[in-house]
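> Handing you a structure now.
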Amino acid sequence: MSTDGHLSDHDRAAFARGALTRRELLRRAGIAGGVVAGAGLLAACGSGSSSGATGGAPSAGPVSIDKTVAPSWTFSNWPLYIDTKNKTQHPSLDLFDKKYNTKTNYLEDIEDNESFFGKVKAQLEAGQNIQRDIVTLTDWMAAKWVALGYCEALDRSLIPNVEKNQSSALRGRSIDPQDQFLVPWQSGFTGIAYNPKLTGGDLTSVADLWNPDFKGKVTLLTEMRDTLGLVMLQQGVDPAKCTVDDAQSACDYIQPYVNNGQIRRFTGNDYAGDLAKGNVVACMGWSGDVVQLQFDNPDLKFVVPDKGGMLWTDNMMIPKNASHPYNAHLWMNFYYQPEIAAMVEDWVNYICPVDGAKDALLKNDPSIAKNPLIFPPQSTLDNVHVFKALTPQEDLEFNQAFQQLIGG
Amino acid sequence: MNWLKKRPAYPLLLPGMLWLAIFFFIPMAVMLYKSLETVTVDLNYQQHFTFDWNFSNYTDNISQYKSQFARSFLYAAIATVAAFLIAYPLAYVIAFRGGRWKNLLLLLVIAPFFTNYLIRTLAWQTILADNSVVTSTLDAMHLLSITDALGWTQQSRLLATPLAVVSAITYNYLAFMVLPLYVSLEKIDQRLLEASLDLYANRVKAFMKVTFPLSLPGVFAGTLLTFIPATGDYINAEILGSPQTRMIGNVIQSKFLIFNDYPAASALSFTLMAIMLVFIAIYAKLLGTEEVTTV
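Protein sequence lines correspond, in order, to chains A and B.
Residues in the first sequence are numbered consecutively from 30, following my numbering.
Residues in the second sequence are numbered consecutively from 6, following my numbering.
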């Protein structure tokens, strides 16, 4: 989970004038990244190389969709990313199932953008159905799917609530200028999660992770943009403008801590278990996860590092040739009702893309509104960054350096 | 159709050969072809593979990942020996002293396999957690300071150490060692043992001269069934390991699924197979039981 784009001076100025709400500003930050990605796309189109026989340019208009509700459909998402009751029930999905008389097959099978893509790539390339009707991917990966033509165009007429309630800051992003393919699910921060009882004090920066007392009790993320982003910020490099050399120097910075065993593992969402069990005392993590873990273990803390944290948005999209696109549209539309979004938000605790969800939430659970991770203060907003859109060549070289670091 | 009269059994091979052709030889050929391709990425992130006899896939990747290769063979070898040391007495007791409990005991050996491989391995995460009973007990007995000194564990913890990975591999493949050993021990003719004792061999000598040699086919099969999959295993290192315990299976997995660098992954897979074949050939020569090598 990390993001393309940057918080522009223009946006900050607009915020200062009161023209943008705090949340809008935050969301807007998640967007601009696409500018660079968009430029890459345009360049690709300009050169006329729509390349791959089965991939190629995004399809232009919405395909006509059979408007019958399928008896079941599949939604792939990240773990701990929807409202949950009694470990296995998801009230918002249950309401949806009841209303439309369908059965949602909810999979928590995305732990890492790259490895999820790796798993389904061959099928997408061959034009096969990947047996999922919605997948939820982070901006930069979503941009890749759009570029490769691996997602279906949305029928906007089927999602009036998205039309009405989608946060203006998340509309017309350059990774999807016409809002043809992506519907935002959540935004959030990458920072440092820790257990102050076990660390014996507060952590404020990435450098604090290297305290010899925490040897073997620190984890970093397998999401390259998150781990390298935080380290680059620590090194005083802006991840929105980084180069291959910066990536290499970030890896070189981390390498000794891998070699001496300071870093126990590189993880996806599974750092949550290690942190909760006390196997890990401090780690890189995602804001909303930590808010959730706090319900079981109120000691846990999340901090945006003093030298900067990362900001990203995850997006729902319909994979190419999905079998039940109508159900997928219905769900997107259903989720974009403020009350339903608030239900999810109350549990998920990331930053919600649905206007009005905040008001709905304030009525039901005002404590959430006081949580600085969900409604962040200006100082936090000033301190979060987005990872630049990498060119395919950079993508390869960044990944090579990073994979080398995490053990091949 | 004269040959059919002379060799009436050949058509019976057909289903097996067809199976092998479709699911083994053709994929192998495809993989060999892939391993000599070059991958390029265009501006649309689309990967293109061109076949150009790119042998550097082999040389580059072998030199880059030699430590992961070495680690895989080392871990697999230790796990195989450990599994053998655990399995032989177990199979021996079941075969010779099991009596009417034989079937039940065998069932107990296989019972863990009714649980999913992944779940069994994940359970070890809990068993070996830093403040688990196992860890604190071993630590209280000062065993972990010994393994720390040997480099098998770090900071007196078990999870995310070589010891955790090797132990879990041993556990996960134990049944593959027990079953062939049991079969070979079980069919030993008891009268041969009686004869050796009649000829004034003591129990140890009878074991060394009669029982063990007759169980060699089981030893051979068991070690191969353990060693080969253990070398390519990546789940245990993934779930219970750290960056310093990554095995070649982890590298191949990430090359395939994260990098989508199929040529590199294929080259590494082929190299792994080649090394394994050489090992097995030498091993077969050394252990050389007739039943296995003359087939």
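Even for Gly, the Cβ is constructed at its ideal location relative to N, Cα and C.
Could you check whether the Cβ of V46/B sits closer than 8 Å to any Cβ belonging to chain C?
Among the protein chains in the structure shown, which are A and B, there is no chain C.
> In or out: L164/B buried (at least 16 other Cβ within 10 Å) or exposed?
Buried is the call here.
> Determine the contact status of V212/A and N344/A, defining contact as a CB-CB distance below 8 Å.
Yes, these two residues count as a Cβ contact at 8 Å.
> In its own chain, which residues sit with a C-beta less than 8 Å from the C-beta of I174/B, not counting the 5 before and 5 after it?
These residues qualify, in order along the chain: Y80, A81, A84, A235, D238 and N241.
> Among A269/A, V260/A, L153/A and D411/A, which has the Cα closest to the Cα of L177/A?
Of A269/A, V260/A, L153/A and D411/A, the residue nearest in Cα terms is L153/A.
> Could you tell me which residues DSSP puts in a beta bridge with P140/B?
Just to set this straight, residue 140/B is Thr in the shown sequence, not Pro. Paired residue(s): none; T140/B is not in a bridge.
> At the level of alpha carbons, what is the spacing between D208/A and R200/A?
The alpha-carbon atoms of D208/A and R200/A are separated by roughly 7 Å.
> Using DSSP bridges, identify the partner residues of P213/A.
DSSP output for P213/A lists N344/A as bridge partner(s).
> Check H358/A in the structure and name its three-state DSSP category.
Helix, per DSSP.
> Step through the CB atoms of chain B and report whether any lies within less than 8 Å of the CB of K150/A.
Yes, K150/A lies at the interface with chain B (some Cβ there is under 8 Å from its Cβ).
> Short of 6 Å in beta carbon distance, which residues of its chain neighbour A269/B, apart from the five on each side in sequence? Order them along the chain.
Counting only Cβ-Cβ distances below 6 Å, and skipping sequence neighbours, we find N62, N66 and K260.
> In or out: H147/B buried (at least 16 other Cβ within 10 Å) or exposed?
Classification of H147/B: exposed, given that the 10 Å Cβ count is below 16.
> In the region 229-286 of chain A, which residue ranges form an unbroken beta strand (DSSP E) of at least 3 residues, counting only runs that do not cross its ends?
Runs found: 247-250.
> For D123/A and T248/A, I'd like the C-alpha separation in whole angstroms.
Spanning the two alpha carbons is a distance of roughly 35 Å.
> Who does E42/B pair with in a DSSP beta bridge?
Per DSSP, F56/B.
> I think S201/B touches A211/B, with their Cβ atoms under 8 Å apart; what is that distance to the nearest whole Å?
Going by Cβ atoms, the distance from S201/B to A211/B rounds to 4 Å, so yes, they are a contact pair.
> Apart from the five residues on each side of it in sequence, which residues of its chain come closer than 6 Å, Cβ to Cβ, to S121/A?
The residues are D112, I369, M372 and V373.
> Could you give the uninterrupted runs of the beta strand (DSSP E) lying entirely in the region 102-186 of chain B, keeping only those of 3 residues or more?
The region 102-186 of chain B contains no whole beta strand (DSSP E) run of 3 or more residues.
> Does the beta carbon of N130/A sit closer than 8 Å to a beta carbon anywhere in chain B?
Answer no: the Cβ-Cβ gap between N130/A and chain B never drops below 8 Å.
> When the Cα atoms are used, what is the spatial distance from I151/B to L238/A?
Answer to the nearest angstrom: the Cα atoms are 27 Å apart.
> R162/B touches chain A at which residues, Cβ-Cβ below 9 Å?
Within chain A, the residues near R162/B are G245, K246, R293 and N308.
> Who are the neighbours of D135/B on chain A, taking C-beta pairs under 7 Å?
In chain order: G307 and N308.
> Could you give the C-beta distance for L402/A and K336/A, rounded to a whole number, given that I count them as a contact under 8 Å?
About 18 Å; that fails the 8 Å criterion.
> In chain A, which residues lie with their C-beta within 8 Å of the C-beta of Y50/B?
Here the neighbours are K173, A176, L177, P421 and D424.
> Taking 8 Å as the CB-CB limit, is I435/A close to chain B?
Yes, contact with chain B.
> Check whether the Cβ of F264/B lies closer than 8 Å to any Cβ atom in chain A.
Chain A, which has a Cβ nearer than 8 Å to the Cβ of F264/B, makes this yes.
> When you compare the region 220-231 of chain A with the region 265-275 of chain A, are there three or more beta-carbon pairs, one atom per stretch, that lie closer than 8 Å?
Counting Cβ pairs under 8 Å, fewer than three are found: no touch.
> Which stretch, first to last residue, makes up the beta strand (DSSP E) that contains R200/A?
R200/A -> no beta strand (DSSP E), and no H or E assigned at all.
> Who pairs with A311/A in a beta bridge, going by DSSP?
Answer is Y223/A and V247/A.
> For F54/B, return the contacting residues in chain A, with the cut-off set at a CB-CB distance below 7 Å.
The contacting residues do not exist; F54/B stays about 11 Å from chain A at best.
> Sorted by chain position, which residues of the same chain lie with C-beta nearer than 7 Å to L95/B's C-beta, five sequence neighbours on each side aside?
So the list reads V183, once near-sequence residues are dropped.
> Considering only their Cβ atoms, is the gap separating R185/A from P348/A smaller than 8 Å?
Cβ distance not < 8 Å, so P348/A and R185/A don't count as in contact.
> Which residues in chain B sit within 7 Å of V287/A, going by Cβ to Cβ distance?
Within chain B, the residues near V287/A are P248.
> Three or more C-beta pairs under 8 Å: does that hold for the region 136-147 of chain B against the region 189-209 of chain B?
Counting Cβ pairs under 8 Å, fewer than three are found: no touch.
> Please report how far the alpha carbon of H353/A lies from the alpha carbon of P100/A, in whole angstroms.
Straight-line Cα distance between these residues: approximately 9 Å.
> Give a yes or no on whether 8 Å exceeds the smallest Cβ distance from Q159/B to chain A.
Output row for Q159/B: interface = yes.
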